[in-house]
Each structure stands twice: as structure tokens, then as C-alpha cells.
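Its first residue numbered 1, the sequence shown is counted upward by one per residue in the numbering used here.
We put the CB at the ideal spot given by N, CA and C, even for glycine.
Data block below; observations after.
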Amino acid sequence: MEHLLTRLASILSIHPSPTYLATHLQSLPNNNENALLASLRYRLINSDFTQSLLPQANTTFPSDLHTNQRYLSPAPGATLPGPIAVQIVDIVDLGSSNMEQLESLEMAGRGEAKKGREVIRVLPVEEEVGTQAPEGARAAVNLGTMKATIGPHKVLMEDASGRRAWGFEIERIPGLGIGGKMKLGAKLVLKNVPVMRELVILQPSNTTVLGGGVRDWDKAWIETRKAQLEASLGIGKKEEGRAR
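Rendered as C-alpha cells:
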């Protein structure tokens with residue numbers, strides 16, 4: 001098990017809980033180490049990091065991130081070397097109108113995406129090593145055309161200890177966005193990230209998108225965010241007025 005822990009730390013910069021690892025190893029074939037690591041990677045990036053990782057073994061956000069003047073400065077005065085493995089618990093697209101965001105979320109909720117002007121049906125895109133995906137799902141993966149928001153984005157990130165911090169995308173990070181392939185609970189690894197006004201500054205050079213997500217979070221977040229956007233657009237009030 002120590003060897004696997006070392007490999008996972010080297011490949012993903014994360015340190016799983018030995019208990020979590022032992023539990024999942026019982027259900028996985030171990031005749032091929034690369035296949036085993038791929039399966040463990042899949043399960044880890046689709047888990048809740050506060051449950052699957054060992055906080056004391058992983059680099060986390062500083063406990064004084066929201067109180068220390070170094071991190072509150074309006075100019076980048078501090079850098080978090082990391083690597084810090086985090087999961088996204090909220091995301092805001094600052095580059096799209098509320099109506100555009102709502103349309104994107106409604107399409108995601110229906111399992112749809114745009115390919116040019118055409119609307120296509122998108123099936124689940126990730127599969128665990130050794131499992132067989134439906135033919136339609138495999139085709140959808142290969143298209144690579146699922147539309148994601150361009151941003152910039154503001155993301156609320158949570159580390160293995162449960163500490164949270166907002167991050168701001170100052171340069172487009174491939175794989176980060178609302179809709180598209182990203183799910184809520186998607187995993188990132190941060191290295192040498194500047195901090196200013198409690199905001200972690202994100203860009204491709206310091207942020208690696210591992211992917212994954214937590215299915216229950218994704219569904220609940222979409223419904224909550226849709227309700228927030230509808231309220232901001234007055235959609236619920238208009239429908240209520242027509243009903244009267």
C-alpha cells in the first residue's frame with residue numbers, strides 16, 4: 001500500500017487516507033499496477049476530498065488565510081507553494097450574462113450541448129477502467145464539443161481539511177467552466193498561487209485540472225444556481241404574475 005500511496009502522490013499530488021485506499025483496493029483487481037492506479041485515480045477524483053484524503057498528509061490552505069494581512073493585501077504579497085489539492089464547491093461565470101448562464105445550465109441539466117448551431121445529446125463522459133460504456137457515450141466523449149463557458153470564472157475551492165477559499169481565473173484555464181465536461185466537485189491542484197484580498201489567483205501555469213466531480217453536488221448546485229439566476233432575471237415573478 002505504501003508504494004501505491006507514493007505513486008498517487010507523485011502522479012496526482014494527493015495523499016489518500018490509508019483507510020479509504022484499503023477499502024477500495026478490496027474491490028479492484030491488482031494484477032496490473034497501471035490499470036489499478038487508473039481505477040484509483042478515477043475513484044479519487046470523483047470522491048469528496050474531505051472524506052478520501054488525509055488532511056495532515058496533504059498541503060492545505062493556511063488556517064489564517066482570511067485573517068492574516070499578508071493574504072488580505074490588495075497587491076499580490078504572498079504565494080502558496082502547494083501543491084494543494086482542492087475540489088470546486090461553487091463556480092461563478094463572470095464573463096457571461098445571467099441569461100446565457102441560465103441557458104447553459106438548462107442544457108447541462110438536460111444532458112445537451114451545442115456543436116456549432118446543432119444541439120446534441122451528451123451522455124456520461126467518464127468511465128472507470130475495465131467498464132464498458134454505451135456506444136453513444138463513447139462517441140460523445142470523442143466529439144469533444146461540449147460547450148463550456150469561457151469565463152473568467154470565480155471558483156470556491158475546498159481542500160482536504162475542509163478549508164475554503166475563492167479563486168479568480170485571470171487567464172483561461174482549459175477544462176474550467178460551467179457546462180461542458182466539468183462537474184461540481186471537480187478537482188484541481190494548485191502550485192505557487194499568489195493570494196491577494198483573500199483571492200487565490202489562478203492561471204494555467206499554476207492550476208492543473210484533474211477533472212472528476214461529485215454527482216450529487218452537481219445536480220443540487222445546478223438547481224440552486226438556476227433558481228438564483230431566475231430570481232435575478234425576475235423569471236419566477238413574471239410567471240407568477242401571469243398565473244394571477
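For the region 42 to 56 against the region 3 to 22, do three or more pairs of beta-carbon atoms, one drawn from each stretch, fall closer than 8 Å, so that the two count as touching? Verdict: yes, contact present.
From the DSSP output, in three-state form, read off F168 for me. Residue 168 sits at position 168 when you count from the first residue of the sequence shown. Residue state for F168 is assigned as strand, using DSSP reduced to three classes.
Which residue wins for smallest C-alpha separation from N206, given the options R163, G213, V189? For the purposes of this step, residue 206 is taken as residue 206 along the sequence shown, with counting starting at 1. The residue among R163, G213, V189 with its C-alpha nearest the C-alpha of N206 is V189.
H66 - DSSP class collapsed to helix/strand/coil: As a first step, residue 66 must be located in the sequence shown, where it is residue number 66. Looking at H66 - three-state DSSP - the assignment turns out to be coil, as it is neither helix nor strand.
In the DSSP assignment, find the alpha helix (DSSP H) that holds A186 and state where it starts and stops. Along the sequence shown, read from residue 1 onward, the residue named residue 186 stands at position 186. No alpha helix (DSSP H) contains A186, which DSSP labels as neither H nor E.
Have a look at the DSSP bridge pairing and note the partners of G211. Residue mapping note: residue 211 aligns to position 211 of the sequence shown, counting from 1. Here G211 is bridged, per DSSP, to K187.
With distances taken from CA atoms, which of G177, D64, S10 is nearest P83? In the sequence shown, the residue the question calls residue 83 occupies position 83. Minimum Cα distance to P83 is reached at S10.
For P76, which residues of its own chain have a beta-carbon under 6 Å away from its beta-carbon, when the five flanking residues on both sides are left out? Here the question's residue 76 lines up with position 76 in the sequence shown. Same-chain partners within the cutoff: P194, M196.
Taking 8 Å as the cut-off, does the region 155 to 165 touch the region 57 to 70 (at least 3 CB pairs, one atom from each stretch)? Touching, yes.
Go to H24, then tell me how far its alpha helix (DSSP H) extends in each direction, as first and last residue. Here residue 24 refers to the residue found at position 24 when the sequence shown is read from its first residue. Residues 18 to 25.
Excluding sequence positions up to five away, which residues of its chain have a Cβ less than 8 Å from the Cβ of I201? If you number the sequence shown from 1, residue 201 lands on position 201. Around I201: P76, G167, F168, I170, V193, P194, V195.
Ordered along the chain, which non-local residues of its own chain (more than five positions away) have a Cβ less than 6 Å from that of G175? As a working mapping, residue 175 is identified with position 175 in the sequence shown. The beta carbon of G175 sits closer than 6 Å to the beta carbons of V209 from its chain, once the five residues preceding and following it are set aside; these are given in chain order.
Output the distance between the C-alpha atoms of P55 and I235, rounded to the nearest integer angstrom. For this step, residue 55 is matched to residue 55 along the sequence shown. For this step, residue 235 is matched to residue 235 along the sequence shown. If I take the Cα positions, the gap works out to 43 Å.
Pairwise C-alpha distance: P81 and P29: Along the sequence shown, one-based indexing puts residue 29 at 29. Along the sequence shown, one-based indexing puts residue 81 at 81. C-alpha separation (whole angstroms): 36 Å.
Kindly indicate the opening and closing residues of the beta strand (DSSP E) around E118. Position 118 of the sequence shown, counted from the first residue, corresponds to residue 118. Note, E118: beta strand (DSSP E), 118 to 121.
Reducing DSSP to helix, strand and coil, say where A75 ends up. Locating residue 75 in the sequence shown gives position 75, counting from the first residue. In this structure, A75 counts as coil in the three-state DSSP scheme.
Using the Cα positions of A22 and S13, report the straight-line distance between them to the nearest angstrom. For the purposes of this step, residue 22 is taken as residue 22 along the sequence shown, with counting starting at 1. For the purposes of this step, residue 13 is taken as residue 13 along the sequence shown, with counting starting at 1. Distance between the alpha carbons of A22 and S13: 19 Å.
With C-beta atoms as the reference, is I88 less than 8 Å away from L156? One-based indexing of the sequence shown puts residue 88 at position 88. One-based indexing of the sequence shown puts residue 156 at position 156. Yes, the pair counts as a contact, with Cβ atoms nearer than the cut-off.
Do A57 and R70 come within 8 Å of each other at the CB atom, strictly closer than that value? Here the question's residue 70 lines up with position 70 in the sequence shown. Here the question's residue 57 lines up with position 57 in the sequence shown. Not closer than 8 Å, so no.
Where I178 falls, given that 16 or more other Cβ within 10 Å makes a residue buried: In the sequence shown, counting from the first residue as 1, residue 178 sits at position 178. That one is buried.
What's the gap between the Cα of M107 and the Cα of E2? As a working mapping, residue 107 is identified with position 107 in the sequence shown. As a working mapping, residue 2 is identified with position 2 in the sequence shown. Just so you know, the alpha carbons of M107 and E2 end up roughly 44 Å apart.
Would you decide whether A220 is buried or exposed? Buried here means 16 or more other CB atoms lie within 10 Å of its CB. The residue you call residue 220 lines up with position 220 of the sequence shown. When all chains shown are included, A220 counts as exposed.
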